[in-house]
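Asker: My questions all concern the structure below.
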Amino acid sequence: VGKEPWWKAATFYQVYPASFKDSNGDGWGDIPGLISKMDYLHELGIDVVWLSPVFESPQADMGYDVSDYQKIYAPYGTVENIDELVEVCHSRGIKLILDLVVNHTSIEHEWFKESRSSKDNPKRDWYIWKPARYDAQGNRMPPTNWRGYFAGPTWTWDEHTQEYYLHLYAPDQPDLNWESEECREAIYDNTMRFWLERGVDGFRIDTVNKYSKRTEYVDAPVTDPNSPHQPAPEMWCNGPRIHEFIREMREKALAPYGAVSVGELSNTPHPSQVVPYVSAAAKELDMVFEFSMIRLGTGGMFGPKYHFVPFSLRQLKTLVARWQTFVEGTDAWTTVFCENHDNGRAVSRFGDCSSAELWRASAKALALWQATLTGTLFLYQGQEIGMTNMPAAWGIDEYKDVESRSFYAEAQASEDASSALEKTMHGLRILARDHSRIPFQWDDSANAGFAEEGAKTWMRVHDDYKKVNAEKQAADPDSVLSFYKTVLKMRKSPRLRDLFVFGNFRLREEADDEAIFAYVKEEQVEEEEEKEKRKESAGEEESGENGTDIQERPGKRRKISSAPKRTTTRRRAFVVLNFSKE
Ligand code: TEU
C-alpha cells in the first residue's frame, strides 16, 4: 500500500454540530460556536473536521433529511459562516469535509414536492414510486413486505397520486431514484460541486452502498413471522449498478476537485465486497466505514436491534483483526474508529465506568488502541475526553432520536409490551444513538459551557459534566485529553507513523484470552529502500519532531517498479491492552 495521498495518515474528527458549541443561547450548537473552538481542535492535533449535516432540514433525522442542499439550517448559521469556517480551518492547516446525504432527501425538498405533485411531473421518476398491491379481501398493501431501518414498512401511501413511495429510513426521507440520469446529474451539481466550489475538501458520504436497488421489487423471505415487515437489506445494498454509480460520481464530481471521500458501508460484512469500493485502481471511494465492530451488542440491523446481545472480547478481537488485515496484498485502504453519532459511547460499551479510576484507564486504553491501529483514524467529538453514555436513570423522554423513538413505540405496541419495553430500554441505555448526541462538556459552568447559563439545551447535559470536561482535562497532564494529544502525536511522528498508520497488524495467540487484547504492529519496508536507508546517515533520516505536517517528505517517495517487491520487517511494536480489573 502506498503512503500517499495525504488522507491516509490524517486524523479526522467528527463534529455533531447541534451538540458541539452554542454561540447564541438558543441551546442548539452552531457554526460560529464551532469556529470559536478551532484552537481546541488544533491543539488536540487533528487534521480534518468532518461536519455532520448543517443543511436546511425539518430535522426529522437530525439533518440527515435535507430540504435544500444549498442553504444552511438557520439555527446553525449561514452559507457565509461555512465560507468563514473553511477559511479558519485552512488557516490552521486543517481541512473540512461535509456530510453528503443523497440516498434520500427530506419530504420537504422541492424535488420531492414536484415529484409527488402528479404522475406526469418531469421529476416523478427522481423518486421511487410503485402502485399498490391488494390482498384476497381487496385490502391495499405496500408493493413489497420490506422493513425499514427505523422499524415499520419502507413504503408510504400518497393519497394525491395514489401510489406508494420508497423510504429506507423515516417516511420523511424518500429515497432518490439513482436510475434517473437527470437526477444523478442534479445531485452532482446541486449538492457536490456547489460546496466543493466554495472550498470544502470533500465529503463523508451517507449510506453510500444503497443508491442502486434491485429493480425487481419483490418480497423478502419471511424471517419474522410475527411481523408484516421483513428485513430486506439484500434488496437495496450493493445493488447491480452501485459500482457504476460511484465511479461516475467520483469522475464527475469528486476527482475534478481532488476531493477526499469516505463512504458509509452498512450491511457489507465481507472483505471481498468491501475491496471493490476502496481499491485504488477501481477509482471509487477513498475510504469506507465498515460496521461489523461498531455493531457488536446490537440484536441485528433489523428487528430487535435494541435487544442487547452481550459479546466477548474474543469476538471484538476477531473483528478488529479481520478489518485490520483485509487490505494486505491489495491496493485498498482501511479506516479506524470506535465512535460516531449513530452509536453509544465507546468507553461505556467496551470499557468499565464503574469507578473514576476504571473509567480513566478504559478511556486511555481505547485511545492507545485506536492510535496504534492501521488505517485512517476517525475520532468523534467528546471521545477525547472520555464522554460516557447518558446516565442509566434517565427515562425515555431524554431520548430524542427518531430511531430510539420508533423502536420504543414498536415495543409499546407489541403483544408482550412490558417485556419488550424492558428489553428495548436496556438496549437503548447501552446502544442508543442519543448517547453520543448530548452536549459536549467544555467546562464546569452551567450547561457544561456548551450553551450560556439559562439556555434550554436541545438535549439534556450529562450529570457528570463537573467531573468530566475539557477545561479540567486540558490542565491535567494525566487526563484522558492529555493522553489523546500524546498518542495522536506519536501516531503521526515521522519515527512511528510507518509502524502505526501503515504497519501490518498481527493478533497474538492470546486471541482466546478474555482479558488481554495483544497485537504486534510490524513496519514493512521494501528491501531496496531499506538498503538505501542504511546508506543514509542516521541524523539525516528523521527529524523526530512531532509536527502536524502530514505531507510526504520530498525525495522519499518509492520508486515505481514492475517487479514484485520484496519486503522486510524493520520495526515492531507490541501492544497489550489489559481488560481485567486488576
Ligand atoms: O446511517 C445509516 C445507517 O443505516 C445506519 O448505520 C444507522 O446507524 C442506523 O442507525 C441504522 O439503524 C446514516 C446516518 O449516519 C444516520 O444518522 C442517518 O439516520 C441515516 O444514515 C439516514 O440518513
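Numbered per our numbering, the sequence shown spans residues 790 to 1371.
C-beta: ideal position from N, C-alpha, C; glycine also.
1. Any idea if residue 1045 is buried or exposed, counting beta-carbon neighbours within 10 angstroms, 16 or more meaning buried?
2. Would the stretch 1124-1140 count as touching the stretch 1168-1178 if we require 3 or more Cβ pairs under 8 Å?
3. Could you check what DSSP says for residue 839 in three-state terms: helix, strand or coil?
4. Considering only residues of the same chain and omitting the five flanking positions on each side of residue 844, which have a CB-CB separation below 6 Å?
5. Indicate, with yes or no, if the ligand TEU has a heavy atom lying under 8 Å from the CB of residue 996.
6. Can you grab the Cα-Cα spacing for the pair residue 1312 / residue 1163, in whole Å?
7. What residues are listed by DSSP as bridge partners for residue 1051?
8. Is any heavy atom of the ligand ATP found at a distance shorter than 8 Å from the C-beta of residue 801?
9. Using the C-alpha atoms, what's the distance from residue 996 back to residue 802?
10. Roughly how many angstroms separate the alpha carbons of residue 923 and residue 1013, rounded to a whole number?
11. Can you tell me whether residue 1006 is helix, strand or coil according to DSSP?
12. In angstroms with no decimal places, state the Cα-to-Cα distance between residue 881 and residue 852.
13. Please determine whether the Cβ atom of residue 851 lies at a distance below 8 Å from any heavy atom of the ligand TEU.
14. With residue 1119 and residue 1068 assumed to form a contact (beta carbons below 8 Å), what rounded beta-carbon distance in angstroms separates them?
15. At the level of alpha carbons, what is the spacing between residue 1266 and residue 794?
16. Which ranges would you report for the alpha helix (DSSP H) in the stretch 1253-1294 if only whole runs of at least 4 residues count?
17. Report yes if the CB atom of residue 979 is closer than 9 Å to the CB atom of residue 915, and no otherwise.
18. I need the straight-line Cα distance from residue 959 to residue 945, nearest angstrom please.
19. Run the CB neighbour count on residue 1086, radius 10 Å, all protein chains shown included, and call it buried at 16 or more, exposed below.
20. Spatial neighbours of residue 1110 within its chain, please: C-beta separation below 6 Å, excluding the five flanking residues on both sides.
21. If we ignore side chains and look at the alpha-carbon of each, how far apart do residue 1226 and residue 1248 end up?
22. Run through the stretch 820-875 for me and flag every whole beta strand (DSSP E) of 3 or more residues, listed as ranges in chain order.
23. Under the three-state reduction of DSSP, which class applies to residue 886: helix, strand or coil?
24. Can you tell me where the alpha helix (DSSP H) holding residue 1122 begins and where it ends?
25. Would you kindly work out how many angstroms separate the C-alpha atoms of residue 1200 and residue 1206, rounded to a whole number?
26. How many Å lie between residue 890 and residue 1102 at the Cα?
27. For the structure I just gave you, are there three or more beta carbon pairs, one from the stretch 937-956 and one from the stretch 897-909, closer than 8 Å?
28. Which residue comes first and which comes last in the beta strand (DSSP E) that contains residue 1362?
29. Under a three-way DSSP split, which group does residue 1229 fall into?
30. Suppose contacts are defined by Cβ-Cβ distances below 9 Å. Is residue 1132 in contact with residue 816 by that definition?
31. Assess contact between the stretch 991-1010 and the stretch 1049-1063, defined as three or more Cβ pairs (one per stretch) separated by less than 8 Å. Is contact present?
32. So if DSSP puts residue 942 in a beta bridge, which residue, or which two residues, is it bridged to?
33. Sorry if obvious, but does the Cβ on residue 939 come closer than 8 Å to a heavy atom of the ligand TEU?
34. Could you please give me the residues that DSSP links to residue 916 through a beta bridge?
35. Please report the distance separating the alpha-carbon of residue 1290 from that of residue 1136.
36. Is residue 1006 closer than 9 Å to residue 933 when the C-beta atoms are compared?
Answerer: On the basis of the supplied data:
1. Position 256 of the sequence shown, counted from the first residue, corresponds to residue 1045. When all chains shown are included, residue 1045 counts as exposed.
2. Touching, per the Cβ criterion.
3. Numbered from its first residue, the sequence shown carries residue 839 at position 50. For residue 839, the secondary structure class from DSSP, reduced to helix, strand or coil, is strand.
4. As a working mapping, residue 844 is identified with position 55 in the sequence shown. The answer, listed in chain order, is 855 and 858.
5. Position 207 of the sequence shown holds residue 996. Yes, the beta carbon of residue 996 sits closer than 8 Å to at least one heavy atom of the ligand TEU.
6. For the purposes of this step, residue 1312 is taken as the residue at position 523 of the sequence shown. For the purposes of this step, residue 1163 is taken as the residue at position 374 of the sequence shown. Those two C-alpha atoms are separated by around 11 Å.
7. Residue 1051 sits at position 262 when you count from the first residue of the sequence shown. For residue 1051, DSSP records a beta bridge to 993 and 1076.
8. Absence of the ligand ATP is noted for the structure shown, with the ligand TEU being the only ligands found.
9. On the sequence shown, position 13 is the one that residue 802 refers to. On the sequence shown, position 207 is the one that residue 996 refers to. CA-to-CA, the gap between residue 802 and residue 996 works out to about 19 Å.
10. Counting from one through the sequence shown, the residue named residue 923 turns up at place 134. Counting from one through the sequence shown, the residue named residue 1013 turns up at place 224. One Cα belongs to residue 923, the other to residue 1013, and the distance between them is close to 21 Å.
11. Walking along the sequence shown from the start, residue 1006 turns up at place 217. If DSSP states are grouped into helix, strand and coil, residue 1006 belongs with coil.
12. Taking the first residue of the sequence shown as position 1, residue 881 is located at position 92. Taking the first residue of the sequence shown as position 1, residue 852 is located at position 63. Distance from the CA atom of residue 881 to the CA atom of residue 852, rounded to whole angstroms, is 27 Å.
13. One-based indexing of the sequence shown puts residue 851 at position 62. Residue 851 has its Cβ nearer than 8 Å to a heavy atom of the ligand TEU.
14. One-based indexing of the sequence shown puts residue 1119 at position 330. One-based indexing of the sequence shown puts residue 1068 at position 279. At roughly 6 Å, the Cβ-Cβ gap stays under 8 Å, so residue 1119 and residue 1068 are in contact.
15. By 1-based counting over the sequence shown, the position of residue 1266 is 477. By 1-based counting over the sequence shown, the position of residue 794 is 5. If you take the alpha carbons of residue 1266 and residue 794, they lie about 33 Å apart.
16. If you keep only unbroken alpha helix (DSSP H) runs of at least 4 residues inside the stretch 1253-1294, you get 1259-1263, 1269-1281 and 1286-1289.
17. Working through the sequence shown from its first residue, we reach residue 979 at position 190. Working through the sequence shown from its first residue, we reach residue 915 at position 126. Contact flag unset, no.
18. For the purposes of this step, residue 959 is taken as the residue at position 170 of the sequence shown. For the purposes of this step, residue 945 is taken as the residue at position 156 of the sequence shown. Taken atom to atom, the span from the alpha-carbon of residue 959 to that of residue 945 is near 10 Å.
19. Here residue 1086 is taken as the residue at index 297 of the sequence shown, counted from 1. Looking at its Cβ environment, which holds 16 or more other Cβ atoms inside 10 Å, residue 1086 is buried.
20. Numbered from its first residue, the sequence shown carries residue 1110 at position 321. 1296.
21. Looking up residue 1226 in the sequence shown gives position 437. Looking up residue 1248 in the sequence shown gives position 459. Taking the straight line joining both Cα atoms gives about 8 Å.
22. The beta strand (DSSP E) runs lying completely inside the stretch 820-875 and spanning 3 residues or more are 837-840 and 857-861, given in chain order.
23. Translated into positions along the sequence shown, residue 886 becomes position 97. Taken through DSSP and simplified to helix, strand or coil, residue 886 comes out as strand.
24. Counting from one through the sequence shown, the residue named residue 1122 turns up at place 333. Premise fails: residue 1122 is in no alpha helix (DSSP H) and is neither H nor E.
25. Counting from 1 along the sequence shown, the entry for residue 1200 is found at position 411. Counting from 1 along the sequence shown, the entry for residue 1206 is found at position 417. Whole-angstrom Cα-Cα distance: 6 Å.
26. For this step, residue 890 is matched to residue 101 along the sequence shown. For this step, residue 1102 is matched to residue 313 along the sequence shown. Approximately 34 Å, taken between the alpha carbons.
27. Enough Cβ pairs lie closer than 8 Å, so yes.
28. The count along the sequence shown starts at 1 and reaches residue 1362 at position 573. Here the beta strand (DSSP E) through residue 1362 covers 1356-1367.
29. Within the sequence shown, residue 1229 is the residue found at index 440, counting from 1. Note: residue 1229 maps to coil in three-state DSSP.
30. Position 343 of the sequence shown, counted from the start, is the residue given in the question as residue 1132. Position 27 of the sequence shown, counted from the start, is the residue given in the question as residue 816. Taking 9 Å as the Cβ cut-off, residue 1132 and residue 816 do not qualify as a contacting pair.
31. Three or more beta-carbon pairs separated by less than 8 Å link the stretch 991-1010 to the stretch 1049-1063, which places the two stretches in contact.
32. Within the sequence shown, the letter at position 153 stands for residue 942. DSSP, once it has assigned bridges, lists 936 as partnering residue 942.
33. Taking the first residue of the sequence shown as position 1, residue 939 is located at position 150. Remark: the C-beta of residue 939 is in contact range of the ligand TEU, defined as less than 8 Å to any heavy atom.
34. Residue mapping note: residue 916 aligns to position 127 of the sequence shown, counting from 1. The partner list for residue 916 (beta bridge, DSSP) reads 965.
35. If you number the sequence shown from 1, residue 1290 lands on position 501. If you number the sequence shown from 1, residue 1136 lands on position 347. Across the structure, residue 1290 and residue 1136 are spaced so that their CA atoms are roughly 22 Å apart.
36. Here residue 933 corresponds to residue number 144 of the sequence shown, with the count starting at 1. Here residue 1006 corresponds to residue number 217 of the sequence shown, with the count starting at 1. The answer is yes: Cβ separation under 9 Å.
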